[in-house]
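I have placed the structure first, in the form of C-alpha cells, so that the comments after it can refer back to it.
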Amino acid sequence: MLKDQNRPVFAIIGSGWGGSTLARLLDTAKYDVVVLSPDMTFSYTPLLASAACGLFDFSLAAESIRQPGSRVRFVRATVHDIDFASKQLNCTAQDEINSEIKFLFSFDQLVITPGTTVNTFGTPGVHEHAMVMRNAHDALKFRLRLFDQLERASLPCIDDETRNGLLHVIVVGGGPTGLELVAELSDMIRCQLNKIFPHLYENISISVHDVAGSILTSFDEKLAEYGTAKLRARNIEIHTSSHIEKIEAGAIVTKELGRVNAGVVVWATGNKAIPLIEDLKARKTEKGLPRILTTDRLQVTRDDEERTIIEGVYALGDAADVDGATLPTTAEVATQKATYLASMLNGKIAEPEAWSPFQYKQRALVTYLGNHDGVIGGREDWTGASAWLAWRSGTLMWTWSWSRRVKILFTWTMDRLVGRDIVQN
Ligand SMILES: Cc1cc2nc3c(=O)[nH]c(=O)nc-3n(C[C@H](O)[C@H](O)[C@H](O)COP(=O)(O)OP(=O)(O)OC[C@H]3O[C@@H](n4cnc5c(N)ncnc54)[C@H](O)[C@@H]3O)c2cc1C
1 MLKDQNRPVF AIIGSGWGGS TLARLLDTAK YDVVVLSPDM TFSYTPLLAS AACGLFDFSL
61 AAESIRQPGS RVRFVRATVH DIDFASKQLN CTAQDEINSE IKFLFSFDQL VITPGTTVNT
121 FGTPGVHEHA MVMRNAHDAL KFRLRLFDQL ERASLPCIDD ETRNGLLHVI VVGGGPTGLE
181 LVAELSDMIR CQLNKIFPHL YENISISVHD VAGSILTSFD EKLAEYGTAK LRARNIEIHT
241 SSHIEKIEAG AIVTKELGRV NAGVVVWATG NKAIPLIEDL KARKTEKGLP RILTTDRLQV
301 TRDDEERTII EGVYALGDAA DVDGATLPTT AEVATQKATY LASMLNGKIA EPEAWSPFQY
361 KQRALVTYLG NHDGVIGGRE DWTGASAWLA WRSGTLMWTW SWSRRVKILF TWTMDRLVGR
421 DIVQN
C-alpha cells in the first residue's frame, strides 16, 4: 500500500461505532485515513434485534466500510500489538480461503477503538452452544436457527416434549441488549409466527435468565419493576438470581432449575477486553472491565508514574474510558467521542493541550419491551407507547444515510399495513 507523502497516515484500529464514525468525519484532505479491522462491514447494533426478528432486511442493519468514492483506505486485518516507539502495528490478515499473512503497518497518528468481546464468565459451553448478538451476521444466524427449529418441530415424528424444548428460546442477560431481542421476538411470535406456524403457537416460549436480583438494572427500580411486570404479563419467564452452570447442546443447566431444554440460547451478557487491550502497555482502569484510561482529550498515556502522554495516540469506544469519568460502554459514548476527536483533529489547533476537553452529554436511555411498550430512563422517566415511539424514532436516527432511513420507514409501514415478509427475507 503506497504512502501518500503529503498527508500523515492516520490509522484507526476497529471498524465499529467508534472507528467508522471517526473515519467518516476525519478530513481526508488533511489525513491519509486507514481503518484496520477484520470486519468489512459495520453493524448498526441498535437495529440488530429488529433485523434478527424480520422487521427489515439485514442489509439495512450493516454498512460496508469501503464506500464508493471515499478516500478512506481499509486494511482487512487484526492488530495484535502496537509498538508506540517505532509507530508500527503488528497485524495478521486471515480469511477462510487463503493462508494467514503477518505484516507490519506504520502510522503517524493512531486511534485505538477495537471494542470488546463476549464475556462468558468461564461458563462451559457458551462458545460451542450459545449464540451471540453483536453484528448483522449474528442476527442472520439467529433467524436461521429459529426457523430451523420451527421446521424441525413441525416434523410429524416429533413428540410434544421435544417440540417444547426445540421452541424454547432462552436469553441469558436481562439488560437492554437481551430484552430488546426478547421484545422483538415476542412481537414476531404474536403477529407473524402464529399465522405461519399456527400448529406451534402453544409450544413456543421465551425465558430470560440473569444472575442479578433484577433485570433492567441500568434503569431505576420503578422502571425495572414496570418492565419485568410487562414482560411477565406476556408469558415471558424471567429468572433472576439464576446461576448458569453450563450450556449444553439443546439445554442450559442452572444451579436453581437443573437442566432446562432450549432450542435457541442467546448469550447477551457481559463484555471482556480483547487480548490487544489486555496486553497493551498503556494506562488502564484498575477495576472491572480493563479499558484504556485516556485524558479528557482522549490521549493515551504510558503506564508510568508520570503518566506521560503518548503523542498522536488516542483511544475511544468500549475499549477506553476517560480518567475520572466512568462512562458506559455504549454506541452513544463511542460516537460522541469520535465526533469530538474528528472536530478537534480537523480544526486549526494542532496541540491537544489547547483543545477544549471532551464532555459527554447523557441522552435518555430507552429500551423496547414489545407490544408497543417501552421504558425511558435518564433525563425523564416514561413508559408505554410514548417510550415505544421514542425508541422507534431513536433507532432510525442511528443510521447515517437518508436513503437507509426511508427504506427502514417503508418496511415499518409495510409491516403495520400487511405484515412482515418474514420467511422470504
Ligand atoms: C445488540 C446490541 C445492541 C446495542 N444497542 C445499543 C443502543 O441502542 N445504544 C447504544 O448506545 N449502544 C448500544 N449497543 C452498544 C454499542 O454497540 C457498543 O457500545 C459500540 O459498538 C462500541 O463501539 P466500539 O467502536 O468501541 O466497538 P465495536 O462497535 O464493537 O467495534 C469494534 C471493532 O473493532 C474490530 N476489532 C476488534 N479487535 C480488533 C483488533 N485486534 N484489530 C483490529 N480490529 C479489531 C471489530 O471487528 C469491530 O469492527 C448495543 C450493542 C449490541 C451488541
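In the UniProt record's numbering, the protein residues as written are 1 to 425.
Yeah, the Cβ is synthetic: ideal placement off N, Cα and C, and Gly gets one too.
Inset, instruction - Look at the alpha carbon of Q109 and the alpha carbon of E256, and state the distance between them as a whole number of angstroms. - result: So the alpha carbons of these two residues sit roughly 52 Å apart.
Inset, instruction - Would you check if there are 3 or more beta carbon pairs closer than 8 Å linking the stretch 25-40 to the stretch 389-408? - result: Not touching, per the Cβ criterion.
Inset, instruction - Compute the Euclidean distance between the alpha carbons of V35 and A62, then round it to the nearest angstrom. - result: Rounded to whole angstroms, V35 to A62 spans 17 Å at the Cα level.
Inset, instruction - To the nearest angstrom, report how far apart Q362 and G178 are at their CA atoms. - result: Spanning the two alpha carbons is a distance of roughly 22 Å.
Inset, instruction - Please confirm if the stretch 324-336 is in contact with the stretch 194-212, defined as three or more CB-CB distances below 8 Å between the two stretches. - result: Short answer: they don't touch.
Legend entry - Three-pair Cβ contact test at 8 Å for the stretch 341-356 versus the stretch 144-152: No, because fewer than three Cβ pairs between the stretch 341-356 and the stretch 144-152 fall closer than 8 Å, the two stretches do not touch.
Legend entry - Length of the line joining the Cα atoms of L166 and I247: Spanning the alpha carbons of L166 and I247 requires a straight line of approximately 15 Å.
Legend entry - Nearest-angstrom Cβ-Cβ length linking D118 and V132, presumed shorter than 8 Å: With the sequence shown as reference, residue 118 is identified as Val, and Asp is not the correct amino acid for it. Rounded, the Cβ-Cβ distance is 5 Å, consistent with contact.
Inset, instruction - Give the secondary structure of V418 by DSSP, where H, G and I count as helix, E and B as strand, and everything else as coil. - result: The answer is helix: DSSP assigns V418 an H, G or I state.
Inset, instruction - Using only the heavy atoms of ligand 1, determine whether one of them is closer than 8 Å to the beta carbon of L48. - result: Yes, since a heavy atom of ligand 1 falls inside the 8 Å radius drawn around the Cβ of L48.
Legend entry - Distance between A249 and G77 (C-alpha atoms, nearest Å): Rather than Gly, the amino acid found at residue 77 in this sequence is Ala. Pairing A77 with A249, the inter-Cα distance amounts to about 32 Å.
Legend entry - A385, DSSP secondary structure in three states: Judged by DSSP in its simplified three-state form, A385 adopts helix.
Legend entry - As assigned by DSSP and simplified to three states, the class of Y340: Reduced to three states, the DSSP call for Y340 is helix.
Inset, instruction - Locate the alpha helix (DSSP H) running through L316, then write down its first and last residues. - result: For L316, no alpha helix (DSSP H) segment is defined, and its DSSP state is neither H nor E.
Legend entry - 8 Å contact criterion, which F56 and T285 should meet: CB distance rounded: Between F56 and T285 a beta carbon distance of about 37 Å is seen, past the 8 Å cut, so the two are scored as non-contacting.
Legend entry - 8 Å Cβ shell around C191 - same chain, five flanking residues per side excluded: Within its own chain, the residues whose Cβ lies closer than 8 Å to the Cβ of C191, once the five positions on either side in sequence are excluded, are G419, R420, listed in chain order.
Inset, instruction - Could you check the C-alpha separation between R307 and T294 for me, to the nearest Å? - result: So the two alpha carbons sit approximately 10 Å from each other.
Legend entry - Beta-carbon proximity check, F42 vs S15, cutoff 9 Å: A distance below 9 Å separates the beta carbons of F42 and S15.
Inset, instruction - Measure the C-alpha to C-alpha separation of I238 and L223 and round it to an integer number of angstroms. - result: C-alpha separation (whole angstroms): 15 Å.
Legend entry - Backbone CA spacing between Y44 and P114 [nearest angstrom]: C-alpha separation (whole angstroms): 16 Å.
Legend entry - C91 - DSSP class collapsed to helix/strand/coil: The DSSP-derived three-state label of C91 is strand.
Inset, instruction - Using beta-carbon positions only, say whether W391 and T367 come within less than 9 Å of one another. - result: The answer is yes: Cβ separation under 9 Å.
Inset, instruction - Mind checking who M131 pairs with in its DSSP beta bridge? - result: V266, per the DSSP bridge assignment.
Inset, instruction - Express the C-alpha separation of K195 and V75 in angstroms, rounding to a whole number. - result: Separation of V75 and K195 (C-alpha to C-alpha, rounded to the nearest whole angstrom) is 46 Å.
Legend entry - Extent of the continuous beta strand (DSSP E) to which R363 belongs: Run containing R363: none; DSSP gives neither H nor E here.
Inset, instruction - Spatial neighbours of A139 within its chain, please: CB distance less than 7 Å, with the 5 preceding and 5 following residues excluded, ordered by chain position. - result: Counting only Cβ-Cβ distances below 7 Å, and skipping sequence neighbours, we find L48, A51, A52, F58, A61, M133.
Inset, instruction - Return the bridge partner residues of S205 from the DSSP annotation. - result: According to DSSP, S205 bridges with H168.
Inset, instruction - Tell me where the beta strand (DSSP E) around A62 begins and ends. - result: Taken as a continuous stretch (DSSP letters only), the beta strand (DSSP E) holding A62 covers 62-64.
Inset, instruction - To the nearest angstrom, report how far apart R143 and L327 are at their CA atoms. - result: For R143 and L327, the distance between alpha carbons rounds to 33 Å.
Legend entry - For D373, the residue or residues it bridges with in DSSP: Note: D373 is bridge-paired with G370 in the DSSP secondary-structure output.
Legend entry - Closest by C-alpha distance to A273, when choosing among G288, G263, R259: Out of G288, G263, R259, G288 has the C-alpha closest to the C-alpha of A273.
Legend entry - Within 9 Å, strictly: CB atoms of A387 and D373: Contact flag set, yes.
Inset, instruction - Kindly indicate which three-state DSSP category I274 falls into: helix, strand or coil? - result: Annotated three-state conformation of I274 is coil, per DSSP.
Legend entry - Reduced DSSP category for A212 - H, G, I as helix; E, B as strand; rest coil: DSSP places A212 in coil when its eight states are reduced to three.
Inset, instruction - Closer than 6 Å by C-beta to I101: which residues in its own chain qualify, once you throw out the five before and the five after it? Chain order, please. - result: Result list for I101: A93, in chain order.
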